[in-house]
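K.L.:
Residue numbers for the sequence shown follow the working numbering, beginning at 7 and rising by one. Take a look at this one; I'll ask things after.
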Amino acid sequence: MSELSDEASEPELLNRSLSMWHGLGTQVSREELDVPLDLHTAASIGQYEVVKECVQRRELDLNKKNGGGWTPLMYASYIGHDTIVHLLLEAGVSVNVPTPEGQTPLMLASSCGNESIAYFLLQQGAELEMKDIQGWTALFHCTSAGHQHMVRFLLDSGANANV
């Protein structure tokens with residue numbers, strides 16, 4: 007099959023696109039593609055079944071921070087994976103653990119306008135008035151990003167507009 011063919015299979019296309027990460031002209035072997043996802047990656051790309059499996063394996067620390075100082079809940083909150091956030095919250099993860107910059111999952115969800123996630127987090131005890139290292143609250147994060155519906159939601163939830 008020619009390299010320009012529209013008939014290329016999905017694995018072939020994936021193989022070609024991933025080969026650039028290993029150097030031009032180098033093809034990735036099937037074994038290299040078959041690597042299990044870690045919890046942080048699964049939470050960030052919305053792989054619910056992988057996260058569910060990790061939650062069910064009780065030996066994993068669901069609050070563990072990766073090298074960048076983020077937890078799986080932070081990724082899911084920031085990117086907007088509602089079902090994963092809900093799953094992690096049901097498993098009892100900590101809702102107020104901050105990033106190295108002091109941002110909580112609520113601040114991350116607010117900065118992206120993820121209202122349903124902010125609702126879940128607040129229901130589980132997320133602190134509405136926590137401040138990051140810049141002194142910003144969740145309300146300030148969503149205001150600076152222009153998420154008007156999130157601003158209204160946080161104000162209706164009791165956020166202090168005078169902070």
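Built from N, CA and C at the ideal position, the CB exists for glycine as well.
(1) With three or more C-beta pairs closer than 8 angstroms as the rule, is the segment 134 to 153 touching the segment 111 to 122?
(2) In chain order, what residues of the same chain have a beta carbon less than 7 angstroms from the beta carbon of N102, not counting five sequence neighbours either side?
(3) Cβ of I123 within 8 angstroms of Cβ of S83?
(4) Please identify the residue among Q53, G75, E107, R63 whose C-alpha is closest to the C-alpha of A97.
(5) Taking Cβ positions, are L112 and L127 nearer each other than 8 angstroms?
(6) What does the alpha-carbon distance come out to for the pair H28 and Q140?
P.N.:
Let's see:
(1) yes
(2) T110, A132, E133, M136
(3) The Cβ-Cβ distance between I123 and S83 falls below 8 angstroms.
(4) Looking at the Cα atoms, R63 is the closest of the given residues.
(5) yes
(6) Confidence at H28 is low in this model, with a pLDDT of 46, below 50, so its placement is unreliable and no value can be given for it.
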